[in-house]
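Student: Would you mind keeping the following structure in view while I ask a few things?
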Amino acid sequence: MGKRTVVVMPGDGIGKVVLPEALRVLEAAGFAASWVEAGGNPLPQRTVELIAEHKVALFGAITSKPKERAAAELRPELRDRGLSYYSPIVGLRQRFDLDVSVRPCVTFPGNPLNFVRRGADGGLEEPRVNAVIFRQNTEGLYAGVEWTNPPDNVWQALDSHPKFAAFREVPREDLAVSTRIFTRAKCRRICEEAFAYAARHGYDNVTVCEKPNVIRETSGMMLAEARKVHEAYPGIQLWDTNIDAQMMWLTKNPEDYGVIVAGNMFGDIISDGFAGLVGGLGFAASANIGREVGVFEPTHGSAPKYAELSPSIVNPIAMILSAVMMLDWLGEGEIAARIRAAVAAVVAQGRVRSYDMLKLRGGASALAQGAASTSAMTDAVIAVL
Ligand code: NAI
Ligand code: MG
3 MGKRTVVVMP GDGIGKVVLP EALRVLEAAG FAASWVEAGG NPLPQRTVEL IAEHKVALFG
63 AITSKPKERA AAELRPELRD RGLSYYSPIV GLRQRFDLDV SVRPCVTFPG NPLNFVRRGA
123 DGGLEEPRVN AVIFRQNTEG LYAGVEWTNP PDNVWQALDS HPKFAAFREV PREDLAVSTR
183 IFTRAKCRRI CEEAFAYAAR HGYDNVTVCE KPNVIRETSG MMLAEARKVH EAYPGIQLWD
243 TNIDAQMMWL TKNPEDYGVI VAGNMFGDII SDGFAGLVGG LGFAASANIG REVGVFEPTH
303 GSAPKYAELS PSIVNPIAMI LSAVMMLDWL GEGEIAARIR AAVAAVVAQG RVRSYDMLKL
363 RGGASALAQG AASTSAMTDA VIAVL
């Protein structure tokens, strides 16, 4: 088989810093691929074509523009057409129907950022978190079906619901409506992927984290589909929790949870919550997976305040672990496991630590205080490899 081709989209800010670090690690581990670079700007046609052709992409991060600034930067002939700007990654998810987001949150022993709690005997406990969040990635509140000052037909449709009586007297321009649309097919697919993953990786529980007692239609549909999918997995327990209570339990018994499945917004929230227990943004990796295409990216953004620091101080591990998820998806499990073990060894040895791991204030002075630079972290991983 020939060399694989991977589309790389560094984006901007620290995306441009961490992505090349991940490529260095992949190459050092013996993953042979051709990299085609696409800018990572808001979805230029070329990027879309490259991803359509090669099916797999690694993404750094890109700065989202606020609505007003994006509108001001639009070419004059496109202004005032009711177009709105979406973050490129949200655009990519929709364009390629990357409907399954996977966010593993797994403790690396020895990470000073690991969650600790006080046990019943007064001593400190460091529970080993091993949760993987499956977030529906294209629907719900992030699908963008929303209005301020809704047009007549929308207002009338809303008004046909008895519970809308509470809003009928509100002036239209003071009314903002964001819809939460779930479809049975997508609920079904995220649940199927979650259970299949749990079975494949030996997890004995899957938790649906929604709010079906209040958001009856959408959360209710997710839970109903999870129950149907569960029938094929008698060896796995199905639990359901409410997102608010789940956030509270995060610091009580996070080690009890295995695979978690949620709609778009609650999945976003719960995955950040779990990521906070295992090192935060410097460690949080993610995959966006469709039926044909996979796009892999760290959870963090472009961190503009650190973008221009030279040498860079940001932690490349989140980006490296995202590249490792790509390897798993491509069937390169052996290389993936070696890189993951190398990252674990660097964290456990504790000799080379980025500023976040040392709990230092970010900035140029972090290096003088003993923090490793971005490239020193990568070098340490490569040295173990
Ligand atoms: P951010 O994730 O870029 O940074 C927040 C803070 O987290 C940073 O200031 C830094 O203290 C820490 N941090 C982030 N990455 C780190 C790393 N690798 N190592 C160590 N510390 C790290 O979030 P923020 O500041 O809210 O967003 C900045 C821009 O990025 C915005 O324009 C936002 O819209 C965009 N963004 C883009 C994403 C994407 O492209 N997928 C995802 C999230 C945000
Ligand atoms: Mg988020």
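Just add 2 to the spot in the sequence shown (first one is 1) and you have this note's numbering.
Glycine included, each C-beta is placed from N, C-alpha and C at the ideal position.
Because the structure is a prediction, the values reported are computed rather than measured.
With DSSP as the reference, identify every bridge partner of methionine 11, one or two as the case may be.
Tutor: Here residue 11 refers to the residue found at position 9 when the sequence shown is read from its first residue. Answer is Phe61.
Student: Residues in the same chain with beta-carbon distance under 7 Å from valine 348, minus the five sequence neighbours each way, listed in chain order, please.
Tutor: Locating residue 348 in the sequence shown gives position 346, where the first residue counts as 1. Excluding sequence neighbours, valine 348 sits near Val354, Ala382, Val383, Val386.
Student: What do you get for asparagine 317, buried or exposed, if any count of 16 or more other CB atoms within 10 angstroms of its CB means buried?
Tutor: Here residue 317 is taken as the residue at index 315 of the sequence shown, counted from 1. Of the residues assessed, asparagine 317 falls on the buried side of the cut-off, its CB having 16 or more other CB atoms within 10 angstroms.
Student: Who sits around the ligand NAI, taking every residue whose Cβ is closer than 5 Å to one of its heavy atoms?
Tutor: The filter returns Ala63, Ile64, Thr65, Ser66, Ile91, Leu283, Gly284, His302, Gly303, Ser304, Ala305, Val316, Asn317, Asp358, in chain order.
Student: Counting pairs of Cβ atoms below 8 Å between the region 274-286 and the region 317-333, do you hit three or more?
Tutor: Verdict: yes, contact present.
Student: What does the Cβ neighbour count give for aspartate 154, buried or exposed, with the cut at 16 atoms within 10 Å?
Tutor: To locate residue 154, count along the sequence shown from 1; it is residue 152. Under this definition aspartate 154 is an exposed residue.
Student: Scan the region 284-372 and note each continuous alpha helix (DSSP H) run of 4 residues or more that stays entirely inside, going in chain order.
Tutor: Look at the region 284-372 and you find these whole runs of alpha helix (DSSP H), each 4 residues long or longer: 306-309, 319-331, 335-351, 367-370.
Student: With a threshold of 16 other CB atoms inside 10 Å of the CB of alanine 178, please say whether the residue is buried or exposed.
Tutor: Position 176 of the sequence shown, counted from the first residue, corresponds to residue 178. Burial call: exposed.
Student: Take the Cβ of leucine 85 as the centre, count every other Cβ of all protein chains shown within 10 Å, and call the residue buried at 16 or more, exposed below.
Tutor: For the purposes of this step, residue 85 is identified with residue 83 of the sequence shown, where counting begins at 1. Since pLDDT at leucine 85 reaches only 49, below the 50 mark, its modelled position is unreliable, and no value is offered.
Student: Kindly indicate which residue of Glu141, Leu60, Glu128 has the alpha-carbon position closest to the one of arginine 191.
Tutor: Numbered from its first residue, the sequence shown carries residue 191 at position 189. Nearest in C-alpha terms to arginine 191, of all of Glu141, Leu60, Glu128, is Glu141.
Student: Among all the DSSP beta bridges, which residues are the ones paired with phenylalanine 136?
Tutor: Here residue 136 is taken as the residue at index 134 of the sequence shown, counted from 1. Looking at the DSSP output, phenylalanine 136 bridges to Val104, Val263.
Student: To the nearest angstrom, how far is it from the Cα of serine 356 to the Cα of leucine 329?
Tutor: As a first step, residue 356 must be located in the sequence shown, where it is residue number 354. As a first step, residue 329 must be located in the sequence shown, where it is residue number 327. Rounded to whole angstroms, serine 356 to leucine 329 spans 24 Å at the Cα level.
Student: Please classify serine 288 as buried or exposed, where buried requires at least 16 other C-beta atoms within 10 Å of its C-beta.
Tutor: Residue 288 sits at position 286 when you count from the first residue of the sequence shown. Looking at its Cβ environment, which holds 16 or more other Cβ atoms inside 10 Å, serine 288 is buried.
Student: Mapping DSSP to helix, strand and coil, what is leucine 387?
Tutor: Translated into positions along the sequence shown, residue 387 becomes position 385. Leucine 387 falls in the coil class under three-state DSSP.
Student: Where does threonine 253 fall in DSSP's three states?
Tutor: What you label residue 253 is simply residue 251 of the sequence shown in a count that begins at 1. It is coil, neither helix nor strand.
Student: Ordered along the chain, which non-local residues of its own chain (more than five positions away) have a Cβ less than 6 Å from that of glycine 222?
Tutor: On the sequence shown, position 220 is the one that residue 222 refers to. So the list reads Pro214, once near-sequence residues are dropped.
Student: With DSSP as the reference, please indicate the residues paired to cysteine 211 in a beta bridge.
Tutor: Reading the sequence shown from its first residue, position 209 is the one you call residue 211. Answer is Thr243, bridged to cysteine 211.
Student: Among Trp37, Met327, Arg130, Leu311, which residue has its Cα nearest to the Cα of glycine 365?
Tutor: As a first step, residue 365 is located in the sequence shown; it is residue number 363 there, counting from the start. Closest option to glycine 365, Cα to Cα, is Leu311.
Student: Beta strand (DSSP E) containing glutamate 148: first to last residue?
Tutor: Start at 1 with the first residue of the sequence shown, and residue 148 comes out as number 146. According to the DSSP assignment, glutamate 148 belongs to the beta strand (DSSP E) that extends over 148-150.
Student: Phenylalanine 169 to glycine 352, Cα distance in whole Å?
Tutor: Counting from one through the sequence shown, the residue named residue 169 turns up at place 167. Counting from one through the sequence shown, the residue named residue 352 turns up at place 350. When rounded, the distance between both Cα atoms is 57 Å.
Student: Only counting runs of 4 or more residues, tell me where the alpha helix (DSSP H) segments fall wholly within the region 149-231, in order along the chain.
Tutor: 154-161, 186-203
Student: If I measure Cβ to Cβ from arginine 130 and keep anything under 8 Å in the same chain, skipping five residues before and after, which residues do I get?
Tutor: As a working note, residue 130 is residue 128 in the sequence shown. Thr109, Pro111, Glu257, listed in sequence order.
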